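Each residue of the sequence shown is one higher than the one before, starting from -6 at the first, in the working numbering.
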Amino acid sequence: MANVKLPNRIYGKWIWKKSLLNQPDSFLLMRREFVCPSVGMETNLWISANSAYQLFINGRLVGFGPRAHQSCGTSYIDQHELTFYLEAGINVLAVQVYYNSESTAPNRRTPGLWCQMESSRQEILCSDESWHILEGECFCGPRARISSEQGLTQFFHSVKCPRKWTHQMFMPDSSWSHPDHIVPVGEFGSRLELHPLAPAAIADEHPPFDPVEHGRIVAPPNWTQVRFRDCSGRWPETYAAGCYLFSEEEQSMPVKVFTDDPFKFFCNNNLVCSGTHRDGCEGDQLLLRPGWNRLVLFQEPGRNSMGFLLIFPGELDDDEIRIYQDMVENAPAAWNMAGPLKMTLEEATPSIHFERLPVQSYFPTMGELTDPADILANCVMQPEDTTSLHRPLQTGEYLIYRLDIVRYGFVRIYFEAFEDDIIDITLGLRRTESGGVSAGDGIRGTGTLIHRGGKTTYLTFIPADCLYVMISIRRAAQRVSVESICFEELVRHERHESLFRCSDELLNRFWETGRQTLRRSAAFVPLSESRADYDCYMLDAYIDAANMAIAFGDFDYMAARLRQFSDAQLENGEIPALTYGVRHASQIHHLFFYPVWMYYNYRFSANLVELERAVPNLDLLREYFEALLEESSGLLVDVESRFALQSRLSYGEFEEGETPTYLNALFCRFLLSAAEIYRVVNQPLVAARCVKLAQKVADALRERNFDPEKKLFARWNLDSPRKPDDNLFANFCAVFGGVLPLEAFEHFFFSFFNFDPPFDRSPESRHPYFHFLFLEMMFALGQRDWAFRYFRDYWERRLCGDSGAWRTSLDSPDPAPTKFSDGSCVSPNIFLLREVVGIRIAEAGHTVIYFSPALNQVDWAEAIVPMARGRLKVKWEKLTDGSLDVTLDANIPVKILPEMTHSQLRNTTFRLGEKVTLLDPPAELVDEEEGE
């Protein structure tokens, strides 16, 4: 792809530290000094790491990666251009590498760093034994996971971290060593592959934070925790802990349990809860009897585990609930701990006797708290007056900052404090009811800094969405000063960008919010973890890529995203969602849009080579669907049970033997879109076969599932034992797939929508997937006026205040996170250029463009539109005398085909650039008077 290429020769080696080879959740600090002989000449760094790296040049943060590959056996190479980061004389390349691997992975990734740097084709450095390395113990304290399926939260013990180790003036001492695990690329466990897109980089401008609230943390909950300090986490081992509670009476006491590791938790001889993890869900109860009650916990803790946290009802100051190490009133508030035990967790019962085992005491204190996020979530933030926003903080105080809009990247904070002061830093997208900051339900966004004394810099390691930052002081000898705070935004640098403006300020807000959403999604870096928020589904990626092409002219991005799915295709033709750990996520219902995306990509870019490259994937996918058809009916019937698929293709909606309307209708859409592609690549026979099969499927589906009395499709076949259900989604898919008879369209429309607000009559229309595809269909069917009103209403309700983001849903006030699932990054930019400005592709590559301005919706509009080989400037305005003034200019030859009536054309003044040719309108567009 453009601007990225491998070096001519691969000579770098994978390097690591032997003692950390089998240590998941480990950091390695790596640095290399070098002299660049040609400062100012193009200098490139190719770099990869298992699992993630943070890259610095001369102390400056440059980037983060690599973007995870869907295959566990392959690591992507990122190509960074460093030309403008280098200085004359000695430079320092510093890399902070994080390694993690899931214990359930059949083939664990091998840790390591690989890189090469070249300037004007001259080799500068590579990863070899000359590097200096240091184990990053300062980042590996006990801590909680971000959520049950995500990585660990951040921990930074700055006392243990070499000061300014990323800078030129730093001199490694004897604690630093050289790599002792060095493996040639061909012998390493991961195959290297260049990522087709340049990685996101740190923006030149660092958006500032504004302090918005200062106050005290009040109403802390009753809590206790236990952590097994001696656990290595290399293999499953069972540990036990016990303590006592005293109760004056028999009662059922609610408790919130938080843990990231497999456990069993007993009260007396009753099992309270067990599982692989627990996130404080409601319903857990301690059945207490009068007198002493015994709590026993068994756990298989992982490396650097948070342990086990209990939060009891009530406030600490009002009604303290105390644990006891023994059944005497003056016993210390501590746990007895033992382990590792000979028994497994499955065999564990509360009959264990700690007095017969080697026991250690564990005293839970605020200084050792491993899950500050859940403690803070159960506190109340009590704000003070705004005059205190800039004064230093004391123990139990907090300070909240806000960015101008939601951004994706890293937070950097400069503190001044005393040694061993403990500061918790929470990143989030919203404020909670108790006044705190949250990254979302069930997500812990709090990292911990143990201060070195004096001045210390805290930099988040993994990029994240951020709108708010809350700094809370857990422990301070005196006061903690926040010297400064800034945001290092991760962005994909675009060579081009569309411009859009019109007379409707609400539509301008839609464009800007969509633009910011696309900036975040283009910079998004998935890591090699089995994390649902990293999964990438085809429909999300397709809509995102189409919007990137329209808003930034980024056709490379669109093609590269499609190629990732093509490369992930399985041997039977199925293409799973892109996942980056041990997860497998089927997305068969998304695959019907594969040829739609292929054709969009070709129409935008006119890249016939890229289209032809994907045709074999389309062939295999088409054969896959055809093999799923039931022979007797020729339809997709009972697919999951007939083929024992674990696809959740029907999401449990259908019973054995039923024929889903939506699947078969979308298959028709798939075939018709595939036929368009086969015509372009000169395979008319295959195209004709697709059209014939689509007609056959449509006829069979109408015969089975269409109710002529209701003039609607049922969700399943009419002869099913179940009562037919004619829902919106089934009938929308029937229209979208060209299966619903055209004469039934009006009945379909008024069955599920209103002509005037409120437009929706079904909750199914609220999903971003549906809304995007439904608008595509309505505009294509010529329902422009209503579709525009519907479009405006929906996206106005999705605006999330001034956050520069869309709401997660119409029912949620929270900003949508950056991810490629659930329609989280769906934006409407493509409709604004196509339906408001009126620019629509007529022939591939923008050589011929339809022009159909939204004269009934806005008074004027203007845009600069990147095209495959140039750009087009458009500006039109309705004048006070009722005429239309249009300016069209381009830097390449382009033909404009106006979709306007003759009377409109007679009342329009066209101002054309030298390379713009105006064509006669289509014959079917007659004067409205003649049409009447």
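Using N, Cα and C, we set each Cβ at its ideal position, and we do this for glycine too. If you're wondering where the values come from, they're calculated on a predicted model, not measured in any experiment.
Closest in C-alpha terms to GLU377, from the list GLU498, GLY208, CYS529, comes GLY208.
The beta carbon of GLU206 is closer than 7 Å to those of PRO376, ILE393 in its chain, skipping five residues each way along the sequence. Counting every other CB atom within 10 Å of its CB across the protein chains shown gives THR159 a total of 16 or more, marking it as buried. The Cβ atoms of ASN51 and LEU79 lie closer than 9 Å to each other. Short of 7 Å from the beta carbon of SER381, and not among the five residues preceding or following it, lie these beta carbons of its own chain, in chain order: HIS207.
Bounds of the alpha helix (DSSP H) holding LYS685 are 677 to 698. Here ASN594 carries a helix assignment [DSSP, helix/strand/coil]. Taking a C-beta distance under 9 Å as the contact criterion, VAL462 and PHE408 do not qualify as a contact pair. In the DSSP assignment, PRO365 falls within the alpha helix (DSSP H) that extends over 365 to 370.
For TRP9, the uninterrupted beta strand (DSSP E) segment begins and ends at 6 to 9. When C-beta atoms of the stretch 179 to 198 are compared with those of the stretch 288 to 307, fewer than three pairs fall below 8 Å, so the two segments do not count as touching. Checking the DSSP bridge columns, you'll see ALA856 partnered with PHE493, VAL867. Between the stretch 774 to 790 and the stretch 477 to 486, the count of Cβ pairs shorter than 8 Å is below three; the stretches do not touch. The criterion of a C-beta distance shorter than 9 Å is not satisfied by THR252 and SER514. Its Cα nearest to that of GLN218, the residue ALA233 stands out among ALA233, ILE210, CYS119, SER225. Take LEU492, set aside five residues on each side of it, and the residues of its chain with a beta-carbon closer than 7 Å to its own are ALA856, ILE857, in chain order. In the DSSP assignment, PRO761 falls within the unbroken alpha helix (DSSP H) covering 761 to 773. Here the C-alpha atom of LYS716 lies approximately 39 Å from the C-alpha atom of PHE824. A straight line joining the alpha-carbon of ASP397 with that of CYS793 spans about 13 Å.
Here the C-alpha atom of ILE83 lies approximately 7 Å from the C-alpha atom of GLN161. Nearest to GLY816 by alpha-carbon distance, out of ALA837, GLU828, LEU826, LEU803, is LEU803.
Between LEU54 and ILE126 a beta carbon distance of about 20 Å is seen, past the 8 Å cut, so the two are scored as non-contacting. Here DSSP, grouped into helix, strand and coil, assigns ASP786 to helix. Excluding its 5 nearest sequence neighbours in each direction, ASN610 has C-beta neighbours in its own chain below 7 Å: SER559, GLN562, listed in chain order. Taking C-beta separations shorter than 7 Å and ignoring five residues to either side along the sequence, the partners of LEU768 in its chain run ALA780, PHE784, PHE824, following chain order. Scanning its chain for C-beta atoms nearer than 8 Å, with the 5 sequence neighbours on each side dropped, one finds around ILE3 the residues GLN109, VAL178, LEU185, in chain order. Collapsing the DSSP output to three states places GLN375 in a strand. With a cutoff of 9 Å on beta-carbon distance, ILE70 and VAL176 are scored as not near each other.
Taking C-beta atoms under 8 Å as the contact rule, SER112 and SER168 fail to qualify, at a distance of about 32 Å. By the criterion of at least three beta-carbon pairs nearer than 8 Å, the stretch 357 to 371 is in contact with the stretch 431 to 451.
Annotation for HIS489: PHE545, GLY546, ASP547, PRO859, ARG864 place their beta carbon closer than 8 Å to its own, counting only its chain and skipping 5 residues before and after. Under the DSSP assignment, VAL879 falls in the beta strand (DSSP E) whose first and last residues are 877 to 883.
A direct Cα-to-Cα measurement between ASP528 and HIS577 gives close to 9 Å. Distance from LEU905 to LEU912 at the Cβ level is roughly 11 Å; contact not present, criterion being Cβ atoms closer than 8 Å. With respect to ALA667, CYS683 sits close: the two C-beta atoms are nearer than 9 Å.
ALA707 is positioned such that its CB atom lies closer than 9 Å to that of ASN698.
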